[in-house]
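Okay, structure first, notes after.
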Amino acid sequence: MSESVHQEQQARRSFIREPAKRVFAAEFREIIHQFRDGTDEWSPTYSLLPTGERCNRVCIVGTLTDVQKPDGENQFCRARVTDPTGTFFVSAGSYQPEAMHQLEQLTAPLYVSIIGKPNIYNSQDGRNLVSLRAEIVATVERDVRDCWLIETAERTLERLDRPEDGDKIKALSLHPQEPAVWKKMVHAALSSMQI
């Protein structure tokens, strides 16, 4: 067996899915930096959250407000999911057939949980557009959404209070927002549960 085939098989065996980070829409929309951790084709791609943590995958929960289902040969499904801080733009295509099928079956409005990978697109006018490429889609009840809000608030505050490391220093250089901005977002999200 050749050395390259052996390395590829070893890389596949050692593949471990990274945990999905909880993130609010307002922070997710501000992602502007993606990078690879390694040089080979199996190296994961990370997005750097403005609060200073790298993420390969994220978990969102919110209200599905719109689904655009594929028609004809267009094998691509788009959706919008809102949380108390804003809107996530979600997509699933032929490379995510299970997620695409799950999205196609849904009719807004309802609560959903989605795990997926962040994608950054550069528009012609120079803006960064961030979307979520869905891997897993499930409908949930309001109590699950409320638990996600609490856990996401806790994880966001933990990121803000964590000591500076390379990722956090890079995030602070890219995102000039004061921690108070993100703390206000967390407070607003938690306040929405009382409505």
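Numbered by this note's numbering, the letters in the sequence shown go through residues 3 to 197 in order.
Idealized CB from N, CA, C, for every residue including glycine.
Following the DSSP letters along the chain, one finds residue 152 inside the alpha helix (DSSP H) bounded by residues 144-163. Residue 136: member of the beta strand (DSSP E) spanning 130-141, first to last residue.
Judged by their CB atoms, residue 66 and residue 114 are nearer to each other than the 7 angstroms cut-off. With 16 or more other Cβ atoms from the protein chains shown falling within 10 Å of its own Cβ, residue 120 counts as buried. A straight-line Cα-Cα distance of about 7 angstroms links residue 83 and residue 68.
Under the three-state reduction of DSSP output, residue 33 falls in the coil class, being neither helix nor strand. The continuous alpha helix (DSSP H) containing residue 104 extends over residues 99-106. Remark: fewer than three beta-carbon pairs, one from each stretch, lie closer than 8 angstroms, so the stretch 34-54 and the stretch 140-153 are not flagged as touching. Residue 71 places its beta carbon 7 angstroms or farther from that of residue 100. By the Cβ-count criterion, residue 98 is buried, with 16 or more other Cβ atoms from all chains shown falling within 10 Å of its own Cβ. Taking C-alpha positions only, residue 181 is separated from residue 164 by approximately 12 angstroms. Residue 73 holds the alpha-carbon nearest to the alpha-carbon of residue 103 among 24, 19, 73. The shortest CA-to-CA distance from residue 23 to any of 161, 41, 88 is the one to 161. About 19 angstroms separates the beta carbons of residue 136 and residue 87, which is beyond the 8 angstroms limit, so they are not a contact pair.
Looking at the DSSP output, residue 116 bridges to 62, 139. In chain order, 46 place their CB closer than 8 angstroms to the CB of residue 40, counting only its own chain and leaving out the 5 sequence neighbours on each side.
Counting C-beta atoms within 10 angstroms of its own C-beta, residue 149 has fewer than 16 neighbours from the protein chains shown and is therefore classed as exposed. Relative to residue 169, the option among 141, 57, 147 whose CA is nearest is 57.
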